[in-house]
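This report concerns only the one structure given below.
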Amino acid sequence: MHHLGALSDIEFESLASDLLHAVTGRRYERFGVGPDGGVDLRYINKAKGMHEVVQCKHYFRSSFSQLEAAAKKEVPKLEKLTPAPTSYRFVTSQTLTKGQKGKLVEALGGWITDPGMIWGGESIEDHLNDHEEVERNHVKLWLSSSTQLEKLLNAGTLNRSNDLIERITQALPRYVQTQRFNDAEEMLEKVGVCLIAGEPGIGKTTLAQMLLLDCAQKGFEALYVSEDVSEAWDALAETSQAFYYDDFLGRIGLQGLSKNEDQRLVELIAKAHRDPRRTRLILTTREYILRGAVQLYESFERVGLDHERFLLALEDYSRYERGLVLYNHLYHSETMRPEWLVQLLESKAYVEIIDHPNYNPRLIEFITGHAKAHELDHVGNDWVGFALAALNNPEEIWKRAFEQELDELQRAMLICLISIGAEVEVDDLRSVVRSHCKRASIAYDDGAFDRALKVLDLTFVEFGHRGEKPALDVANPSISDFVLNLLAENQNLLAALLDGATLFTQPRQLLEVAQSQAESKLSQKMKTALDTDPERLAEALMRTIDSEEVTRRGIALRGGRILFKEGAGPEERLRVILDTRESLFDEGDRRRWLEAQLEELRGEWEAGSIDASNAVSLQSTLVGSASLGELAKITGAELKNQLERKLGDADDFELLDDLWQLDSELFEPDERASMINEFRDYAENALYEDTGTEELDSIERVADSFGLLLNPEDIEEARSRANREEWEPDIDDYREGRGEPDEIVDDDEVIEELFDRLGSVVEPETGQD
């Protein structure tokens, strides 16, 4: 069952036009968005003397008596039309009984004699079932029903699918379908990958979710990647699959992808690119973070992929699209008071809103009460003033609520949550907050914590579940931006967080923000703040080095098994600590602490517990340090021993080669040649086996580093065998011939006509015209 209530009145007219064309074969003329004079759609055939007028009444939330009254008001308008229509249709989203259709025939005063010329919601439903192509052109129709979404996603293919369904169904009525969706859909069809980049709040996540559900509707298994691209590799199956990886470069700009993750990601992109019918990949990231992802760009180059083929940059909306976004948010808002709409229309402040340099859909969601209805409680009579103030100073949105609505404990809870940097189980957060409050001398008890959660839920956080356990996350990424900026600007808050941290991820998040390669004011401010007191940061990292990781997000795999990303191991944690400032460990207690940690780590390696990739990264940091180079001797020999023991695939040989490049003195003179010979034997055997394309890429990369020439014919045959069931699309001209959306003149008259229609929302007695 299609949910017509997800459509605005403008979208309903567009649906009626498309559906009438599909049913009758006639192309109906649509008009501007201003007062219709009794005509929403029109068909004229002078040769046959036909002049048909169509009136559309989107009265989904109105009573039949309101619809009947509105129909009577159409009669005087029809009598004034010149030339007079030869036929008239009446289309409404209300479901009509036979008796109600009869009353409408009577109300229309003879302009309709055949009840079949009146379409109600049931007629529209029947015609949509007969014309699927119309439904495909109106995405909100087939994504608007929670039943439909459950059918697509609730078969164990998407972890927390119910939460996603709820979020999408709530946001869908406000969604404005633009050419961006068509461009992204075409990109997925032809090249298998769509990397959506744009500024915060521009609508990346919404578009990505629509694309994921579009793939699911087409028969793809829909999967949500939350923490690491390895989740996608572990979930790969023979079925058609679509993966959605939101903020794949990090929410706030990380120092870089973990060792080999960039290569694994690019290999997955290459796999999707080879066969879009089998695998599709939808990625989102903030534009400034993408610009700083040097590591990723280099990985694209190594495998000969042009990342521009997969990039969909969300630039500014056109003026009319901005107007439509604001219109839809106002139209579907249950918290906007009629007097606020009157104020907006009379002042024509909508022009200033849509032309504002800080305009973005996220702010529009906030000022219209869709983000959190509670946020409009303080507005009073001046909604326009509130809206413009929010646009002028977006950070004030959260600053006012943070400072005026939250008490000391509630603020501490929000800071702790954001410092963790991931969705977290409530009990894990409780433990973190308890420790923070003890260190910061903030009154705490479990009852106060539970009450504070209810307050935060009104504005700042959203709840979900991890199996049977409740979990929560920030409700909006811009809240994280606000709090991180606050920490970077307030040395006392920053010190309190570092001194009370109990999880390694807390200080590490701050360090990663400061070390981000992205061009970000936040990154620069955080770096300055941490450089002011590097010893406090180092102490926090050292104190929490053995802390457990919080339970982070995972995806549901086949059979209902849940996979969670493992936390940072000791090798990675030590490397992060040294990144604070190496000189802090030159001498004294910290030097002795580092020596003890390295000795303990070497012992773990001897016992067979090692994260080889991060171990090599740590060794690189030690070897490259003028003051810490001597400490590399503690771990060097055992690291070499472990890498030699676990040689299995090309990545293992590459790590051993990396260690040789770092410190060749660890190796005997003939060991390099033996390493190359052993790799040659492995590679030549692999070329004759069923080796995947990603491993073939690694083999060629390592062979190049070793200066080893493999037989080109063997490589070509191995790739052909790996790709024997894969299809390579022709993408050279995929951007050519793309249909452009109808041009709309973005002048003040068109914008004014658009918002004039909101007058009917202000007057509930007339329904929604």
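In terms of my numbering, the sequence shown is residues 2 to 770. Ideal placement from N, C-alpha and C gives every residue a C-beta, glycine not left out. These numbers come from a predicted model, not from an experiment.
Residue 532 versus 582, 497 and 486, residue with shortest Cα-Cα distance: Indexing the sequence shown from 1 puts residue 532 at position 531. Nearest C-alpha to residue 532: 582.
Does residue 207 pass the burial test, meaning 16 or more other C-beta atoms within 10 Å, or should it be called exposed? For this step, residue 207 is matched to residue 206 along the sequence shown. It is buried - the Cβ of residue 207 has at least 16 other Cβ atoms within 10 Å.
Where does the unbroken alpha helix (DSSP H) through residue 103 begin, and where does it stop? Here residue 103 corresponds to residue number 102 of the sequence shown, with the count starting at 1. Taken as a continuous stretch (DSSP letters only), the alpha helix (DSSP H) holding residue 103 covers 99–108.
According to DSSP, is residue 474 part of a helix, a strand, or is it coil? Here the question's residue 474 lines up with position 473 in the sequence shown. Note: residue 474 maps to strand in three-state DSSP.
Strand pairing of residue 195, partner residues [DSSP]: If you number the sequence shown from 1, residue 195 lands on position 194. Partner(s): 283.
Is the distance from the Cβ of residue 285 to the Cβ of residue 345 below 9 Å? As a position in the sequence shown, residue 285 is number 284, starting the count at 1. As a position in the sequence shown, residue 345 is number 344, starting the count at 1. No, the Cβ-Cβ distance between residue 285 and residue 345 is not below 9 Å.
Considering only residues of the same chain and omitting the five flanking positions on each side of residue 694, which have a CB-CB separation below 6 Å? Along the sequence shown, one-based indexing puts residue 694 at 693. Excluding sequence neighbours, residue 694 sits near 723.
On the three-pair Cβ rule with 8 Å, is the region 171–190 touching the region 383–390? no
As a quick exercise: from 210, 198 and 394, pick the residue whose alpha carbon is nearest that of residue 314. Within the sequence shown, residue 314 is the residue found at index 313, counting from 1. The shortest Cα separation from residue 314 among 210, 198 and 394 belongs to 198.
Mind checking whether residue 512 and residue 433 have CB atoms under 9 Å apart? If you number the sequence shown from 1, residue 512 lands on position 511. If you number the sequence shown from 1, residue 433 lands on position 432. No, these two residues do not count as a Cβ contact at 9 Å.
Alpha carbon to alpha carbon, how far is residue 403 from residue 412? Give it in angstroms, no decimals. Here the question's residue 412 lines up with position 411 in the sequence shown. Here the question's residue 403 lines up with position 402 in the sequence shown. About 7 Å.
Can at least three beta-carbon pairs, one atom from the region 452–465 and one from the region 499–509, be found at a separation below 8 Å? no
Kindly confirm or deny that the region 521–538 and the region 487–500 touch, where touching means at least three C-beta pairs closer than 8 Å. yes
Measure the C-alpha to C-alpha separation of residue 226 and residue 524 and round it to an integer number of angstroms. By one-based count along the sequence shown, residue 226 stands at place 225. By one-based count along the sequence shown, residue 524 stands at place 523. The alpha-carbon of residue 226 is positioned some 26 Å away from that of residue 524.
Is it buried or exposed, residue 62, if we count other Cβ atoms within 10 angstroms and call 16 or more buried? Translated into the one-based positions of the sequence shown, residue 62 becomes position 61. Exposed.
Is the separation between the beta-carbon of residue 46 and that of residue 31 shorter than 9 Å? Residue numbering aside, residue 46 sits at position 45 when the sequence shown is read from its first letter. Residue numbering aside, residue 31 sits at position 30 when the sequence shown is read from its first letter. No, these two residues do not count as a Cβ contact at 9 Å.
One question on the structure: do residue 106 and residue 125 come within less than 9 Å of each other, judged by their Cβ atoms? By one-based count along the sequence shown, residue 106 stands at place 105. By one-based count along the sequence shown, residue 125 stands at place 124. No, they are not a contact pair.
Can you list, in chain order, the stretches of the beta strand (DSSP E) that have 3 or more residues and sit fully within the region 310–353? Counting only runs that start and end inside the region 310–353, the beta strand (DSSP E) elements of at least 3 residues fall at 312–315.
Thinking C-beta only, is residue 94 closer than 9 Å to residue 8? Stepping through the sequence shown from its first residue, residue 8 is reached at position 7. Stepping through the sequence shown from its first residue, residue 94 is reached at position 93. Yes, these two residues count as a Cβ contact at 9 Å.
Just how far apart, CA to CA, sit residue 680 and residue 655? Walking along the sequence shown from the start, residue 680 turns up at place 679. Walking along the sequence shown from the start, residue 655 turns up at place 654. Residue 680 and residue 655: Cα-Cα distance of roughly 10 Å.
Under DSSP, the alpha helix (DSSP H) around residue 403 begins and ends at which residues? Here the question's residue 403 lines up with position 402 in the sequence shown. Unbroken alpha helix (DSSP H) run through residue 403: 396–405.
At the level of alpha carbons, what is the spacing between residue 59 and residue 478? One-based indexing of the sequence shown puts residue 59 at position 58. One-based indexing of the sequence shown puts residue 478 at position 477. Answer to the nearest angstrom: the Cα atoms are 35 Å apart.
How big is the Cα-Cα spacing for residue 489 and residue 423? Along the sequence shown, one-based indexing puts residue 489 at 488. Along the sequence shown, one-based indexing puts residue 423 at 422. Between residue 489 and residue 423, the C-alpha separation is close to 19 Å.
I'd like the list of long-range same chain contacts for residue 113, defined as Cβ closer than 8 Å, with 5 residues on each side in sequence excluded. As a working mapping, residue 113 is identified with position 112 in the sequence shown. Result list for residue 113: 89, 90, 91, 105, 106 and 119, in chain order.
In whole angstroms, what separates the C-alpha of residue 437 from that of residue 548? Locating residue 437 in the sequence shown gives position 436, counting from the first residue. Locating residue 548 in the sequence shown gives position 547, counting from the first residue. Answer to the nearest angstrom: the Cα atoms are 15 Å apart.
Alpha helix (DSSP H) segment containing residue 615, residue limits: Numbered from 1 along the sequence shown, position 614 holds the residue referred to as residue 615. Per DSSP, residue 615 belongs to the alpha helix (DSSP H) from 613–624.
Given residue 720 as reference, the closest of 320, 598, 687 and 97 once Cα atoms are compared: Counting from one through the sequence shown, the residue named residue 720 turns up at place 719. That would be 687, whose Cα lies nearest to the Cα of residue 720.
Determine the DSSP secondary structure at residue 269, reduced to helix, strand or coil. Residue mapping note: residue 269 aligns to position 268 of the sequence shown, counting from 1. Residue 269 falls in the helix class under three-state DSSP.
Proximity winner among 622, 632 and 615, relative to residue 598 (alpha-carbon distances): What you label residue 598 is simply residue 597 of the sequence shown in a count that begins at 1. Nearest option by C-alpha distance: 632.
Where residue 49 falls, given that 16 or more other Cβ within 10 Å makes a residue buried: Locating residue 49 in the sequence shown gives position 48, where the first residue counts as 1. Exposed, since its Cβ has fewer than 16 Cβ neighbours within 10 Å.
C-alpha gap between residue 574 and residue 247, whole angstroms: The sequence position of residue 574 within the sequence shown is 573, counting from 1. The sequence position of residue 247 within the sequence shown is 246, counting from 1. In a straight line, the C-alpha of residue 574 is about 25 Å away from that of residue 247.
Going by other Cβ atoms of all chains shown within 10 Å of its Cβ, with 16 needed for buried, is residue 209 buried or exposed? The count along the sequence shown starts at 1 and reaches residue 209 at position 208. Under this definition residue 209 is a buried residue.
Under the DSSP definition of a beta bridge, which residues are partnered with residue 224? One-based indexing of the sequence shown puts residue 224 at position 223. Partner(s): 244.
Go through its chain and collect everything with a Cβ distance to residue 110's Cβ below 7 Å, but skip five positions before and after it. As a position in the sequence shown, residue 110 is number 109, starting the count at 1. 76, listed in sequence order.
I'd like to know whether the C-beta atoms of residue 270 and residue 189 end up nearer to each other than 9 Å. As a first step, residue 270 must be located in the sequence shown, where it is residue number 269. As a first step, residue 189 must be located in the sequence shown, where it is residue number 188. No, the pair does not count as a contact, with Cβ atoms beyond the cut-off.
As a quick exercise: from 672, 272 and 543, pick the residue whose alpha carbon is nearest that of residue 237. Start at 1 with the first residue of the sequence shown, and residue 237 comes out as number 236. Closest by alpha carbon: 272.
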